[in-house]
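Some notes on the structure that comes next.
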Amino acid sequence: MFQYAAAAGSQSSNILGLVGPFVLMFVVFYFLLIRPQQKKTKTRNAMLKSLKKGDKVVTIGGLHGTIMEISDDIVVLRVNDVTKLTFDRGSISHSVATEADSK
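Here our numbering is used: the first residue of the sequence shown is 51, the next is one more, and so on.
Structure below.
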């Protein structure tokens, strides 16, 4: 009877020994991959929400321009004195800070 109890106790430790590394791998993946990606997405969404008329931006394709009009999902950029181009708001890569803005 004691042999069965001892065998059952060793089986539960074997299961824990098999599941433990998977849990550890998930925790490592969470802190190395998932969490930083969530932070990056959160900061990008905050940047897109804070855009306003007159901001200088760069699109994902590398086009530099100044925001002339902005709505919930569309941005109109002025790239020179005459040319205005329409983009999706999500195609803005980042905002460019000028020296006048920092002073």
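C-beta atoms are modelled at their ideal positions from N, C-alpha and C, and glycine is treated no differently.
{"Query": "Under the rule that 16 or more other beta-carbon atoms within 10 Å means buried, what is Ala57, buried or exposed?", "Result": "Caution applies to Ala57, whose pLDDT of 49 falls short of 50 and renders its modelled position unreliable; the model cannot decide the point."}
{"Query": "Do Ser143 and Thr93 come within 8 Å of each other at the CB atom, strictly closer than that value?", "Result": "no"}
{"Query": "Which ranges would you report for the beta strand (DSSP E) in the region 57-129 if only whole runs of at least 3 residues count?", "Result": "106-109, 114-120, 124-128"}
{"Query": "Check whether the region 116-123 touches the region 69-81, counting contact only when three or more Cβ pairs, one atom from each stretch, lie closer than 8 Å.", "Result": "no"}
{"Query": "Decide if Asp138 is buried, meaning its Cβ has at least 16 other Cβ atoms within 10 Å, or exposed.", "Result": "exposed"}
{"Query": "Nearest CA to the CA of Lys103: which residue from Leu113, Lys90, Val125, Leu83?", "Result": "Val125"}
{"Query": "Please report the Cβ distance between Ser141 and Lys106, rounded to the nearest whole angstrom; I am assuming they are in contact, meaning their Cβ atoms lie under 8 Å.", "Result": "Their Cβ separation, rounded to whole angstroms, is 15 Å, which puts Ser141 and Lys106 out of contact at 8 Å."}
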